[in-house]
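Trainee: Got a structure for you, written out below as structure tokens; questions coming shortly.
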Amino acid sequence: MLSSTNAITPQGYEHFRNYLEQACGILLSDNKQYLVASRLGKLLEREGFTKLEQLVEALKRFGSAKLKEEVINAMTTNETLWFRDAHPFNILKDRILPEKGKSALRIWSAAASTGQEAYSISMVIDEFKASNPGVLRSGEKIIATDICTNILAHAKQAEYDHLAIARGLAVDRQKKYFDKQENGSWKIKSAISSRVDFRYLNLIESYTALGKFDVIFCRNVLIYFSADLKLDILTRMHKALNPGGYLFLGGSEALSGLSDMFEIVQCHPGIVYRVK
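Dropping the structure here:
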């Protein structure tokens, strides 16, 4: 079994690290063998592999798309909650929506996980429209993407258990935007979920098919990539933004080497990056 320390040799771990980075951009550090063992142990036991090298060899064979999908699903971190960090959503409501409110609005939630960020954005839009009648008459759309197919399927259902609902969601918003189901779960009302279009996307691949955006939320995902890949992703996101568009990053993330493309907008509290 992979849970045995003997199953992960230094060479096997290095081969898997290289494969994972090439496949989806995730860069494992030198000491994450335990993480690989815990997340892939059952898969390797099911496939009859006793060494990590055997998995890498299988992943490189023709016809391994399903196995690749399973591995990426297992290795993807999907930590999220409603209105995470608060500041970006307040900046969106108080600064960006008033500025963009007279034209069609397109927002991209990258690495959307189980959908809390995208649906939180939709709630902010709903609240803004309620307090500003007549705005956004040309419509608004949120494109939410992720590489994990299991997570996307969950997000599309727009249904959450009590524990997930409690993570960052105020009681008044829960009552306003959710309907309780017979099984005890909570389902987002269609007025909120209909704005969101969930799609599969690997961030290391092209964004062209997504179109142009006014705002991009790319938070708490770049920390998993190498410096070169971060620069590449941010450069391509700059191209995906309309003139004067905005980019939100995570609290521990920052732009580096792209001062010619973005300017920092201090919002007190919080910051956002604007296309120059």
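Numbering (the numbering used here), first residue to last: 141 to 416.
For every residue, glycine included, the Cβ atom is placed at its ideal position computed from N, Cα and C.
1. Contact defined as beta carbons within less than 8 Å: I believe G308 pairs with N272. What is the distance between those atoms, to the nearest angstrom?
2. Could you tell me the boundaries of the alpha helix (DSSP H) in which Y174 lies?
3. Secondary structure at G152, three-state DSSP: helix, strand or coil?
4. Do the CB positions of M417 and Y300 come within less than 7 Å of each other?
5. Please classify N360: is it buried, with 16 or more other beta-carbons within 10 angstroms of its beta-carbon, or exposed?
6. Considering only the alpha carbon of each residue, which of K327, K315 and T217 lies closest to R179?
7. Are I356 and L389 closer than 7 Å when you measure CB to CB?
8. By Cβ distance, which residues of its chain are closer than 7 Å to G391, with the 5 residues on each side in sequence left out?
9. Do L168 and F365 come within 7 Å of each other at the CB atom, strictly closer than that value?
10. Below 7 Å between beta carbons: does that hold for C164 and N290?
11. Considering just the uninterrupted stretch of the alpha helix (DSSP H) at F229, what are its terminal residues?
12. Any idea if I404 is buried or exposed, counting beta-carbon neighbours within 10 angstroms, 16 or more meaning buried?
13. Answer with buried or exposed for R286, where buried requires no fewer than 16 other C-beta atoms within 10 angstroms of its C-beta.
14. Taking the C-alpha atoms as reference points, what is the distance between A295 and K206?
15. Given a threshold of 16 other Cβ atoms within 10 Å of its Cβ, counted over all protein chains shown, does P150 qualify as buried or as exposed?
16. Are the Cβ atoms of W222 and S260 separated by less than 7 Å?
17. Which of the three DSSP states, helix, strand or coil, is assigned to N290?
18. If you draw a straight line from the alpha carbon of L350 to that of L381, how long is it in whole angstroms?
19. How far does the beta strand (DSSP E) with V412 in it reach, from first residue to last?
20. Find the nearest neighbour of I373 within the set P383, Y347 and G384, judged by alpha-carbon distance.
21. Let's test the definition: count the other Cβ atoms within 10 Å of the Cβ of R335 and tell me whether it reaches 16, buried, or not, exposed.
22. Give every residue of the same chain whose Cβ lies closer than 6 Å to the Cβ of Q173, excluding the five residues on either side of it in the sequence, and list them in chain order.
Mentor: Let me lay it out:
1. What you label residue 308 is simply residue 168 of the sequence shown in a count that begins at 1. What you label residue 272 is simply residue 132 of the sequence shown in a count that begins at 1. Between N272 and G308 the Cβ distance is about 25 Å, and since that is not below 8 Å, they are no contact.
2. By 1-based counting over the sequence shown, the position of residue 174 is 34. Per DSSP, Y174 belongs to the alpha helix (DSSP H) from Q173 to E187.
3. Position 12 of the sequence shown, counting from 1, holds the residue named residue 152. It is helical.
4. Within the shown structure, residues of the chain are numbered from 141 to 416, placing residue 417 beyond reach of any answer.
5. Working through the sequence shown from its first residue, we reach residue 360 at position 220. By the C-beta density criterion, N360 is buried, having at least 16 other C-beta atoms within 10 angstroms.
6. Position 39 of the sequence shown, counting from 1, holds the residue named residue 179. Out of K327, K315 and T217, T217 has the C-alpha closest to the C-alpha of R179.
7. As a working mapping, residue 356 is identified with position 216 in the sequence shown. As a working mapping, residue 389 is identified with position 249 in the sequence shown. Not closer than 7 Å, so no.
8. Taking the sequence shown and counting its residues from 1, one reaches residue 391 at position 251. Counting only Cβ-Cβ distances below 7 Å, and skipping sequence neighbours, we find D225.
9. Within the sequence shown, numbered from 1, the residue matching residue 365 stands at position 225. Within the sequence shown, numbered from 1, the residue matching residue 168 stands at position 28. Contact: no.
10. One-based indexing of the sequence shown puts residue 164 at position 24. One-based indexing of the sequence shown puts residue 290 at position 150. 7 Å or more divides the Cβ of C164 from the Cβ of N290.
11. Your numbering for residue 229 matches position 89 in the sequence shown. Taken as a continuous stretch (DSSP letters only), the alpha helix (DSSP H) holding F229 covers H227 to I231.
12. Walking along the sequence shown from the start, residue 404 turns up at place 264. Exposed, since its Cβ has fewer than 16 Cβ neighbours within 10 Å.
13. Taking the sequence shown and counting its residues from 1, one reaches residue 286 at position 146. Here residue 286 is Asp; the residue named in the question, Arg, does not match the sequence. D286 should be labelled buried.
14. What you label residue 295 is simply residue 155 of the sequence shown in a count that begins at 1. What you label residue 206 is simply residue 66 of the sequence shown in a count that begins at 1. Each residue's Cα considered, the two are about 20 Å apart.
15. Position 10 of the sequence shown, counted from the first residue, corresponds to residue 150. Under the 10 Å beta carbon count, P150 is surrounded by fewer than 16 other beta carbons and is classified as exposed.
16. Indexing the sequence shown from 1 puts residue 222 at position 82. Indexing the sequence shown from 1 puts residue 260 at position 120. Yes, these two residues count as a Cβ contact at 7 Å.
17. Indexing the sequence shown from 1 puts residue 290 at position 150. In this structure, N290 counts as helix in the three-state DSSP scheme.
18. As a first step, residue 350 must be located in the sequence shown, where it is residue number 210. As a first step, residue 381 must be located in the sequence shown, where it is residue number 241. About 11 Å.
19. Here the question's residue 412 lines up with position 272 in the sequence shown. Annotation: the continuous beta strand (DSSP E) that includes V412 extends over I411 to V415.
20. The residue you call residue 373 lines up with position 233 of the sequence shown. Checked all of P383, Y347 and G384; the closest Cα to I373 is Y347.
21. By one-based count along the sequence shown, residue 335 stands at place 195. R335 sits buried, since 16 or more C-beta atoms from the chains shown fall within 10 Å of its C-beta.
22. Counting from one through the sequence shown, the residue named residue 173 turns up at place 33. Contacts found: I148 and Y153.
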